[in-house]
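Per this note's numbering: the sequence shown = residues 1 to 267. All C-beta atoms, glycine included, are put in the ideal place defined by N, C-alpha and C. Computed from a predicted model, the values in this text were never measured in an experiment.
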Amino acid sequence: MIENNLPALPDFFDILKYWWKKILMTVIIATAIIVIILMIKPKEYLGITTALPASEFLTDRGGIFNENIQALYSSLGTPDALDRVVGTSKLDTLYAILVDEFDLINDYKLTHKDNSRYRAINKLQDDTRVIKSDYGELKVKIWHRSPVMAAKLSRAFMQQLQKMHQQVQLVNNKKVMQNIERSYKEKLNELSALENGNNNNGNNTIDSMYAPVVKTLRSNALMQQLTEYEKLMGQYNLVINTEAQVLVVVENAPVPVKADRPDYLVV
């Protein structure tokens, strides 16, 4: 018969019986340390601004002036349109604007630090979350130790997102407008040369008796093209001056009444 010479493992209840005081003391000390750290850590308030995507047709010339399917357009955009906005929210440019506007270098007490502006931008980025909710909303969340500043920063960040995407639409529409104006001037010069009898199309085989007819047809075609260009310029000019919104703010961040961080319930 083989004897088992392995030492017997201590029973859990035996350990608890003889060491419960030390175990309890360790738990109490660890809990006390965590509570002290949380009490020392400054409270931070959360400002939340909520927006919905505006209809993309409001910034599209073809969508605005197309009477056939205009009734089918929704007054709001699709949640997928927010993906671009969430992507641009990571750009340092937005945070730099807010750092300068709200003097966050002094607010974060970084005046005497090296690379103070860079540190302030990083601090603001760490305290900011821009998300697309499950309900298709865009939410800008910013934490700050001042409840008033948390609300102001959240509202201002949403405004900067709005301005950035409006500027993108404006640049695109102005570029199209410039191309239309250039083509309009070319057609206008061609019509002027035709009416003055200076148009030389390089075709000398046309019989002189058909020349007036060809000239009239060409002149009518140019005038029709000029009319279309004038219509397009008017439409694009309206779109440019309208400055349609990309985001529809449904709730500007209210001033929070209680701190959001640290969360004592986690302990």
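Whole-angstrom distance between K41 and A253, CA atom to CA atom: Position 253 of the sequence shown, counted from the first residue, corresponds to residue 253. Position 41 of the sequence shown, counted from the first residue, corresponds to residue 41. The C-alpha of K41 is placed about 24 angstroms away from the C-alpha of A253.
Taking a contact to mean a Cβ-Cβ separation below 9 angstroms, would you say V130 touches V85 in this structure? For the purposes of this step, residue 130 is taken as residue 130 along the sequence shown, with counting starting at 1. For the purposes of this step, residue 85 is taken as residue 85 along the sequence shown, with counting starting at 1. Yes, the pair counts as a contact, with Cβ atoms nearer than the cut-off.
Leaving out five residues before and five after T128 in sequence, what residues of the same chain have Cβ atoms less than 6 angstroms from its Cβ? Counting from 1 along the sequence shown, the entry for residue 128 is found at position 128. Result list for T128: I142, in chain order.
For K132 and L238, what's the separation of their Cα atoms in angstroms? Here residue 132 corresponds to residue number 132 of the sequence shown, with the count starting at 1. Here residue 238 corresponds to residue number 238 of the sequence shown, with the count starting at 1. Annotation: K132 to L238 spans about 31 angstroms, alpha carbon to alpha carbon.
For the candidate residues Q162, F102, Q225, whose alpha-carbon lies nearest to that of E181? The count along the sequence shown starts at 1 and reaches residue 181 at position 181. Nearest option by C-alpha distance: Q225.
Segment contact, 8 angstroms Cβ cut-off, at least three pairs: the region 240-253 with the region 45-55: Under the 8 angstroms Cβ criterion, the region 240-253 counts as touching the region 45-55, having at least three qualifying pairs.
Which value, in whole angstroms, describes the spacing of the CA atoms of P256 and I23? Looking up residue 256 in the sequence shown gives position 256. Looking up residue 23 in the sequence shown gives position 23. Taking the straight line from one Cα to the other gives about 41 angstroms.
Hey, would you say K187 sits closer than 9 angstroms to Y229, going by beta carbons? Within the sequence shown, numbered from 1, the residue matching residue 187 stands at position 187. Within the sequence shown, numbered from 1, the residue matching residue 229 stands at position 229. Yes, Cβ-Cβ distance for K187 and Y229 is below 9 angstroms.
Whole angstroms is fine: what's the gap from E190's alpha carbon to K175's? Here residue 190 is taken as the residue at index 190 of the sequence shown, counted from 1. Here residue 175 is taken as the residue at index 175 of the sequence shown, counted from 1. Spanning the alpha carbons of E190 and K175 requires a straight line of approximately 23 angstroms.
Considering only DSSP beta bridges, list what P53 is partnered with. Counting from one through the sequence shown, the residue named residue 53 turns up at place 53. Under DSSP, P53 shares a beta bridge with L247.
Tell whether a beta-carbon distance below 9 angstroms holds between T50 and K139. Along the sequence shown, one-based indexing puts residue 50 at 50. Along the sequence shown, one-based indexing puts residue 139 at 139. Going by C-beta atoms, T50 is nearer than 9 angstroms to K139.
With DSSP run on the structure shown, which of helix, strand or coil describes L91? As a first step, residue 91 is located in the sequence shown; it is residue number 91 there, counting from the start. L91 falls in the coil class under three-state DSSP.
Taking the alpha-carbon of D100 as reference, which of Q160, K90, E137 has the nearest alpha-carbon? The residue labelled residue 100 in the question sits at position 100 within the sequence shown. Out of Q160, K90, E137, Q160 has the C-alpha closest to the C-alpha of D100.
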